[in-house]
Each structure stands twice: as C-alpha cells, then as structure tokens.
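Colleague: For the sequence shown, position 71 matches number 80 in our numbering, and the numbering has no gaps at all. Submitted below is the structure of interest, expressed as structure tokens.
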Amino acid sequence: MRRSSLIGVTALLLVLATGAAQAHAFLDHAEPRVGNKVASPPHEVTLWFTQKLEPAFSSVTVTNAAGQRVDSGKARVSGNQMSVSLRPGGTGTYHVNWKVLSVDTHTTNGNFTFQVGQ
Ligand SMILES: [Cu+2]
C-alpha cells in the first residue's frame, strides 16, 4: 500500500515536471517590433508565439494614440503566428493587446506598444 502510493506520487511529480517544462504560448516577437518606432502607420500587426495557437480562442486588438480601435477585429492565425489588419490611425503610441489559447490548452495574454512617426 505504502509502496504503491509512493509510485503514484512519483508519477504525478513526473507529469507536473513535464508540464512545467512545456512553455505556454508567450510572445516571441512581433512586427512592428515591440517598443520600436516605425515611420508610417503599418497595414497590419503580426505576432509570433512560442507555441502553436488555437485560432478560435486567440485574438488581438490594437488601439492608436487616441485610444481608438484600429484593428479589423478579425485575427488570422496560422501555426504560431497571428496577424490582424489595421486601418490608418495616425501617429503616436499604438497599444497591442493579445490573448491566446495555445495547443497545450493554456491561455496567456499580454500587451506591448510601438510608436508611429514622430
Ligand atoms: Cu502551457
């Protein structure tokens, strides 16, 4: 009895250790680059993640310096990549907010900014 419960605990720890070793979907890099400055308003924002995404549960919004939504609302997901089209939103600081469900069923979210013009 004691031996079997010890084996059970060991198996559980192995599962937890394996799960912890798998990173969730974190932002790897983006275009425009995080914190970077671009000369003119980009036509789209693309984000690359550390894991493949579930398209139905992954989204991104982009607001301009005035706080207005400039994204099309419909993110395109392919593998570990997510893009959204933008309409022109002028110069200043753009905020990107993303939320994704990775194929390991974990949800992560984050945000970053980039500068347009100026
Ligand atoms: Cu995960």
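Ideal placement from N, C-alpha and C gives every residue a C-beta, glycine not left out.
#1: Express the C-alpha separation of alanine 75 and glycine 82 in angstroms, rounding to a whole number.
#2: Any heavy atom of ligand 1 closer than 8 Å to the beta-carbon of aspartate 37?
#3: Between which two residues does the beta strand (DSSP E) carrying glutamine 77 extend?
#4: For alanine 39, which three-state DSSP category applies?
#5: With distances taken Cα to Cα, identify the nearest neighbour of glutamate 40 among Val54, Ala65, Thr117, Val71.
#6: Using only the heavy atoms of ligand 1, determine whether one of them is closer than 8 Å to the beta carbon of serine 111.
#7: Quick check on the DSSP output: what are the complete beta strand (DSSP E) runs of length 3 or more inside the stretch 63–125, in order along the chain?
#8: Which one or two residues does DSSP pair with lysine 46 in a beta bridge?
Modeller: Taking the definition as stated:
#1: Between the alpha carbons of glycine 82 and alanine 75 lies a gap of roughly 18 Å.
#2: Incorrect: aspartate 37 has no Cβ contact closer than 8 Å to ligand 1.
#3: Per DSSP, glutamine 77 belongs to no beta strand (DSSP E) and is neither H nor E.
#4: In the structure shown, the three-state DSSP call for alanine 39 is strand.
#5: The candidate whose alpha carbon is nearest that of glutamate 40 is Val54.
#6: Correct: serine 111 has its Cβ closer than 8 Å to ligand 1.
#7: Within the stretch 63–125, the complete beta strand (DSSP E) runs of at least 3 residues are 68–72, 85–87, 90–94, 101–110, 116–125.
#8: Lysine 46 pairs with Gln124.
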